[in-house]
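Residue numbers (the UniProt record's numbering): 1 to 161.
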Amino acid sequence: MRCSFNADIKCDYINNNLAESFNNWIKDYKDLPVDELADTYRELLMKLVYKRRRIGEKLRGKIIPAVIQQIFNRTRGLGHLKVGKSGNGSCEVRDTSKNSLRHVVKVDKHECTCLEWQHTGKPCEHALVFLMGRRNPKWVDYVHNYFSLDKFRAAYAGEIE
C-alpha cells in the first residue's frame, strides 16, 4: 500500500533491516553493564561517523555514487516498456509484459502514477525508459536532493564526543 505512505520520506523498502543491523553491530556488547554498553556504542558511532566523513571528503560529483550505480543498473532490461510521448515533460509508458499496464510520467514534477519516484526520490523504471530517450540525461536533475553529496556530508559533519 505504497499510496498510503508519506511521499516526503524517501525510502526504497520498508523492513526491519536497520534494527537487525544494529543488533548485529552490538551483539558482542549486549552483556555489558548499561553504562559500558552506552560508552561502547558511543565509540562505535564515533568511528562510523569519522569513517563516513572521510568517505564524503573523497567523493566527487553531486549525487552519491551508489545511487548513480543503482540508476545505471535499473536502465538495463527495460525493453518491455514502450513510451508514448505526449509532450517534452510528460509521457505515457505502457508495460507490454503486464497486461499492458500504463503509467503517466511527468518528468518536470518528478512524478509517475506508479508513485515509486515520489516515494523513493529516484526515477522509477517508467521514468528511466523515458529519460533514456533523451540525449545524455543529467541524473542529478532527476534524483531528489536527499541523495546529494552535500546532504551526505552534512549528515556526518557533526562530531560525537
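Every residue gets a Cβ at the ideal spot worked out from N, C-alpha and C, and that includes glycine.
As the structure is a computational prediction, the values presented were derived from the model and not from experiment.
Rounded to a whole number of angstroms, what is the C-alpha to C-alpha distance between M46 and R54? 12 Å
Using 8 Å as the Cβ pair cut-off and three pairs as the minimum, do the stretch 138–146 and the stretch 55–69 touch? yes
Can you confirm whether the stretch 68–87 touches the stretch 117–133 when touching is taken to mean that 3 or more C-beta pairs between the two stretches lie within less than 8 Å? yes
Per-residue DSSP class, three states only, for R134: coil
Between W25 and L44, is the Cβ-Cβ spacing less than 9 Å? yes
May I have the straight-line CA-CA distance separating Q69 from P137, to the nearest angstrom? 14 Å
Compare the beta carbon distance of V104 and C124 with 9 Å and say whether it is the shorter of the two. no
Assign L101 to one of three DSSP states: helix, strand, or coil. strand
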